Structure formats: structure tokens, C-alpha cells
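**Q**
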Amino acid sequence: MSAPAVAPSRTGAAGTAPWWQHPRVRVWGGFALAAVVLLGVAPVVLSDFRLNLLAKFLCLAMVAVGIGLAWGRGGMLVLGQGVFFGLGGYLMAMHMKLADAGPGGVPDFMLLYGDGVVPAWWEPLRDPVVTVLAILLLPAGVATLLGLAVFRRRVRGAYFAILSQALAAAFAILLVGQQKVTGGTNGLNGFRSFFGYDLADPVNKRMLYYVAAGVLLVMVAVVRLLMVSRFGELLVAVRDQENRVRFLGYDPANVKVVAYAVAACFAGVGGALFAPVVGIVSPADVGVIPSIGFLVGVAIGGRATLLGPVLGAIAVSWAQTGLSEQFPSFWTYFQGALFILVVAFLPNGFATLGGLWRRRRGAAVPGPGGASAGPPAGTSAPADDPGPDLAQDAATAARTAGRNA
């Protein structure tokens, strides 16, 4: 008697998914598509004004990339990223004000509000190399010290969120109160050059866009490499099984500190590029409200995915600009309603819509004997598709950590 006919598998003869559905191919394919759109398409189709606006949004997306690592993968609700964004922004702004003043010169606002003497701690920022190093190291160093002080005492959850938010509020108040050296509520503005390039030249403004787009792509690639590394597995395990990771011989505080420092470094770089792109940095850009705004974009896009925080930050910023022009008094209500809808009906963000659709489509396809066709034996969900059960990643990571201990 002949064997019963078996319906051909949609995933290939060997029962494996086609090559184009492989998680690595999808991730790097999406990365390549984003590079083409940002570096090739956008400069051609957008006007200089819109391109500069997109550069601003890319700077904000850099902060979102770090939040996605610290919050989405590490479970740290960071409500104070405005501090590190402001540190980077003010460091770059201070350098540009000193460069505009010339060798030995005094920034204009110090002549108006102060005694016309440049503070000693401003002077090193006349050097471009020192400025770049300070932008990379100072936010990360502050985050490291804060993280060691907090995480070693096992402060987490809402307590850490409140602490980081209070830090952002204190930082904004400090900037307002030091008008002679920070410009007060007016901040620092009126920049004329960026590392020797005239900011009034449209060509140099376009160059700034390319710099912002390239830096953002590098940050996304770095986060991807961290996610698939042993550190990424430990970070997920610490998020959901912190005590188990501690019992296995690892220090969860060190894992959190590294992720927090990387997120702070990304925020600092984003703030440093934000200053020349927008032309101003002020306490209004670094306080509690901007810090919450960073978080909203990440939550809407999908905090546990790779590209979700970037897309969410850009989409929310773009919508804010567009809707605020049409409805200046009601934009905040739109933003709040969107956030509530996402939290209520799509808690993992818009970036997980594709994964949900694929799972429902797979469940709807009948397998042999009328049963729903699930994933092939021996396969698992894509690495970048967190799905509804993010805690499953923690169990896998904890088991891996146990084998490597």
C-alpha cells in the first residue's frame, strides 16, 4: 500500500525556513535598507529644511537606541536620559562657542551676563580632540558611577526610575541657575562653525545630516552585536531572572552598569550632534519632559526590538512636528492617546506587528491531519521577534550562563 500523500511544506523540503526568512538575513537586510533610505533616498527627495529636520530626529533616535538596550533588553526604566543628552549637547556647544570666539576669546554671553572671564574648566574644550573624548567618556563615566552606586544596592524598578528622573530635574535646575557659564534659560546658541566648517553653508548642513545618519547606523550595528553576544544573553537573564544569575556566580550590577553606560554614551553623542544641527541647546532639552519623551518613542516603536526604538523615536518626532503645526493646542493629547493605545493593545510596540502577523498566519495554515501548522521541529522564534513572552529569553539566557559558569 502506498504511503499517504503529505502536503508540501511552505518552509522547504528540509523543513527549514527559506534563507530570506532567517533572522540574521532579515536583520542585516533591514539594516541595509535603512542605510539606503537614509544615505541615498532621503537626501534626494527631501528639501534642505526637511533634511535638517530629519537630522534632528536622527539625533533623538540615538538616545532611543541606548534606551532600547537598557530598558528593552535590560529592564532598567531610564527616565533621566536627558542628563546625558544634555552633557553631550553642552560640551559640544561650549566648544563651538569658544571656537567662534577665537583663540583666547570670550563667548558673547559671558560678556553680557558674566565678568568676561572664561572659567578654567571651559578652557580644555577649545581643543577639538579633548571635546570629542569628553563627549564620549563623560556621560559614560557619570552613568558608570551612578550605576555602581545604585545597582550594587539593588535599587531597581520604580525606585530607579524615580531616582533617574529626579537627576534630570536637578540637572535642568542647575543649568538654569548658572547663567554666567551656561547661558541660563536661554542656553547656548548662535553657533557659526562646527570643527571649522561654516554652519551657514547649506553644503555643511547636509554634511551634518550624513554624519548623524552614519553615527546612528553604527550605533544600531553595535547594539545588534551586543544583543547576540554572551553579554546580551546575560542582560536578558538579569532583566527577568536576576537572583538566578546571581546564584550562578555573576554580578548583575556589573551587567546593568555596562548597558547603562553604553546608553549614556549614545545619548551624549546624540546631544553633541543635536547642538550644531538645531543651533541651540538649553535646559528645555534636558529636563524631565524631554526624558519622558525619549521613553514614549521607544515604547511606541517596540522597546525589545532592534529597530523599533529608532522607528518609534523618528515617527513620534515627525508626528509631533507635523501635528503641532496643524493642532498646536492638541498635539499632547494625540501623543497621550497614542501611548495609551499602544500600551493597552500592543504592549510590545509597533515593531512586533510583523511577528504577530506571521504567527497568526502560521497558526491559520492547517497541517497534516487538520492540525495547525506550527514551527518546524527543532526551530525557535526569530531572535529579533520577542513576541508576547519576553520572559522566555531570560530562561534560555540563564541556562546558557549556567553552562558557561
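Numbers in this note's numbering are just positions in the sequence shown, counted from 1, shifted up by 15. Where is the CB? At the ideal position from N, CA and C, for every residue including glycine. Please read all numbers here as calculations on a predicted model, not as lab measurements.
Are there 16 or more other CB atoms within 10 angstroms of the CB of residue 411, so buried, or fewer, so exposed?
**A** In this prediction, residue 411 scores a pLDDT of 46, lower than 50, which makes its location untrustworthy; the coordinate-derived value is nonetheless stated afterwards. Exposed is the label assigned to residue 411, since fewer than 16 other Cβ atoms lie within 10 Å of its Cβ.
**Q** Cutting at 6 Å between CB atoms, please list the residues of its own chain near residue 389, excluding the five before and the five after it.
**A** Note on residue 389: pLDDT 45, under 50, position unreliable in the model; the coordinate value appears next. Answer for residue 389: no residue qualifies.
**Q** For residue 125, which residues of its own chain have a beta-carbon under 8 Å away from its beta-carbon, when the five flanking residues on both sides are left out?
**A** 131, 132, 133, 195 and 196
**Q** Apply the 10 Å Cβ neighbour rule to residue 224 and answer buried if 16 or more other Cβ atoms are within range, or exposed otherwise.
**A** Its Cβ being crowded by 16 or more others within 10 Å, residue 224 is buried.
**Q** Per DSSP, which one or two residues make a beta bridge with residue 208?
**A** Paired residue(s): 213.
**Q** Alpha carbons only, please: which of 301, 159, 129 and 135 is nearest the one belonging to residue 286?
**A** 301
**Q** Drop a sphere of 10 angstroms on the beta-carbon of residue 62, count the other beta-carbons inside from all chains shown, and report buried for 16 or more, exposed for fewer.
**A** exposed
**Q** How many angstroms separate the CA atom of residue 350 from the CA atom of residue 258?
**A** 37 Å
**Q** Whose C-beta lies closer than 7 Å to the C-beta of residue 393 among residues of the same chain, with five residues either side of it excluded?
**A** Any reading at residue 393 must be qualified, since the residue scores a pLDDT of 38, below 50, and its modelled position is unreliable; the value itself is stated next. Same-chain partners within the cutoff: there are none.
**Q** Give me the Cβ distance between residue 336 and residue 68, rounded to the nearest whole Å; I'm assuming they're in contact under 8 Å.
**A** 7 Å
**Q** If residue 306 sits next to residue 104, beta carbons under 8 Å apart, how far is it from one beta carbon to the other, in whole angstroms?
**A** In fact, because the Cβ distance is near 13 Å, the residues do not count as touching under 8 Å.
**Q** From this set, 316, 325, 252 and 251, which residue's C-alpha is nearest residue 236's C-alpha?
**A** 325
**Q** With DSSP collapsed to three states, give me the class of residue 387.
**A** Residue placement at residue 387 is flagged as unreliable, the pLDDT there being 46, under the threshold of 50; a coordinate-derived value is accordingly withheld.
**Q** Evaluate residue 304 with the Cβ neighbour count: other Cβ atoms within 10 Å of its Cβ, from every protein chain shown; 16 or more gives buried, anything less gives exposed.
**A** exposed
**Q** Checking the sheet assignment: what are the DSSP bridge partners for residue 304?
**A** The partner list for residue 304 (beta bridge, DSSP) is empty, contrary to what the question assumes.
**Q** May I have the straight-line CA-CA distance separating residue 244 from residue 175, to the nearest angstrom?
**A** Approximately 26 Å between the Cα atoms of the pair.
**Q** Checking the sheet assignment: what are the DSSP bridge partners for residue 203?
**A** As a beta-bridge residue in DSSP terms, residue 203 pairs with 296.
**Q** Please classify residue 111: does DSSP put it in a helix, a strand, or coil?
**A** helix
**Q** With a CB to CB cut of under 7 Å and the five nearest residues on each side skipped, what residues in its chain are close to residue 139?
**A** Excluding its 5 nearest sequence neighbours in each direction, residue 139 has C-beta neighbours in its own chain below 7 Å: 145, listed in chain order.
**Q** With a threshold of 6 Å on Cβ separation, who are the neighbours of residue 75 within its own chain once the five nearest residues in sequence on each side are excluded?
**A** 328 and 332
**Q** Compute the Euclidean distance between the alpha carbons of residue 270 and residue 118, then round it to the nearest angstrom.
**A** 43 Å
**Q** What residues in its chain sit with their C-beta under 7 Å from that of residue 191, if we drop five residues either side in the sequence?
**A** 199, 200 and 298
**Q** In chain order, which continuous runs of the alpha helix (DSSP H) of length 4 or greater are located wholly inside the stretch 99 to 170?
**A** 123 to 128 and 143 to 166
**Q** For residue 276, which option in 55, 52, 89 and 45 has the closest C-alpha, if you only look at C-alpha atoms?
**A** 89
**Q** With DSSP collapsed to three states, give me the class of residue 184.
**A** helix
**Q** Work out the CA separation of residue 262 and residue 256 for me, nearest whole Å.
**A** If I take the Cα positions, the gap works out to 10 Å.
**Q** Helix, strand or coil: which one does DSSP assign to residue 232?
**A** Correct three-state label for residue 232: helix.
**Q** So the alpha helix (DSSP H) residue 67 belongs to, where does it begin and stop?
**A** 63 to 82
**Q** For residue 86, does the count of other Cβ atoms within 10 angstroms reach 16, so buried, or fall short, so exposed?
**A** buried
**Q** Pull up the CB-CB distance for residue 313 and residue 149, whole angstroms please, since I reckon it's below 8 Å.
**A** Contact annotation, residue 313 with residue 149: C-beta distance approximately 26 Å; criterion of less than 8 Å not satisfied.
**Q** Based on Cα-Cα distance, which residue from 122, 268 and 50 lies nearest to residue 226?
**A** 50
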